[in-house]
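Asker: Here it is, the structure, as structure tokens.
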Amino acid sequence: MSWSDSMCFCCGKDNPLGLRMDFSLDGELFFSEVSPPDFLQGYSGVLHGGITSTLLDEVMANHLLALGMRAVTAELCVRFKKPVLLGIPLKIISRQVKGRKSLYEMESWLEGPGGEVLATATAKMMLVKGGSA
Numbered sequence: 108m109s110w111s112d113s114m115c116f117c118c119g120k121d122n123p124l125g126l127r128m129d130f131s132l133d134g135e136l137f138f139s140e141v142s143p144p145d146f147l148q149g150y151s152g153v154l155h156g157g158i159t160s161t162l163l164d165e166v167m168a169n170h171l172l173a174l175g176m177r178a179v180t181a182e183l184c185v186r187f188k189k190p191v192l193l194g195i196p197l198k199i200i201s202r203q204v205k206g207r208k209s210l211y212e213m214e215s216w217l218e219g220p221g222g223e224v225l226a227t228a229t230a231k232m233m234l235v236k237g238g239s240a
């Protein structure tokens, strides 16, 4: 498996249709800010739920990568609390809950303006053999 991420939909800098997300680590929290374009709409004016799920997953995977671990998602559970409207800045945040030798439990949440939580996720992330970044 190649770990080149230049064409990744979320974080790839060479993907012309991608979100080109940047990430920051602040203590135990890891986050990114993004304003998804209108073409990622589901219902009128609302971000597609699959894209919401993707954002929550992406911040958790990149959190582990920033800590020097390459991992893939083994399990993902998303809870949609409110519609994620297009045209507003979003903040996606993750936190490591528990970690073992090869499996890490993570959580993430997506905030709208003012810190309102619009969606949450939990995941089990499996380290890949030779998975050091």
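In terms of the numbering used here, the sequence shown opens at residue 108 and continues consecutively. A virtual CB, placed ideally from N, CA and C, is assigned to each residue, including glycine. Quantities reported herein were computed from a predicted structural model and do not represent experimental measurements.
1) State the CB to CB distance for the pair F138 and I195, rounded to an integer number of angstroms; the pair is presumed to be in contact (CB under 8 Å).
2) Can a CB atom of chain C be found closer than 8 Å to the CB of A228?
3) Which value, in whole angstroms, describes the spacing of the CA atoms of M232 and Q148?
4) How many angstroms separate the CA atom of E223 from the CA atom of F130?
5) Just verifying my parser: in three-state terms, what is the DSSP assignment at S157?
6) With which residues is S131 paired in a DSSP beta bridge?
7) With 16 as the cutoff for other CB atoms within 10 Å, does H170 come out buried or exposed?
8) Measure the alpha-carbon distance for S113 versus F146 and round it to whole angstroms.
9) Excluding the 5 residues flanking V166 on each side, which residues of the same chain have their C-beta closer than 6 Å to its C-beta?
10) Cα-Cα, which of L217, K236, E212 and G152 is closest to E229?
11) Is it buried or exposed for V191, if we count other Cβ within 10 angstroms and need 16 for buried?
12) State the DSSP-derived secondary structure class of F116, mapped to helix, strand or coil.
13) Leaving out the 5 sequence neighbours to the left and right, which residues in its chain are closer than 8 Å to G119 when beta-carbon positions are compared?
14) Note down, in chain order, each residue of its chain lying with its Cβ closer than 6 Å to the Cβ of L132, except the 5 sequence neighbours on either side.
Answerer: Once the coordinates are examined:
1) F138 to I195, Cβ: 16 Å. No contact.
2) Absent from the structure: chain C. Only one protein chain is present.
3) Straight across, the Cα-Cα distance linking M232 with Q148 is about 28 Å.
4) 20 Å
5) The question names Ser, yet the displayed sequence has Gly at residue 157. It is helical.
6) F138
7) buried
8) 21 Å
9) S139, I199, S201 and S215
10) Before going further, note that residue 229 is Thr rather than Glu in the sequence given. Ranking L217, K236, E212 and G152 by Cα distance to T229 puts E212 first.
11) buried
12) coil
13) D112, S113, G125 and R127
14) A173
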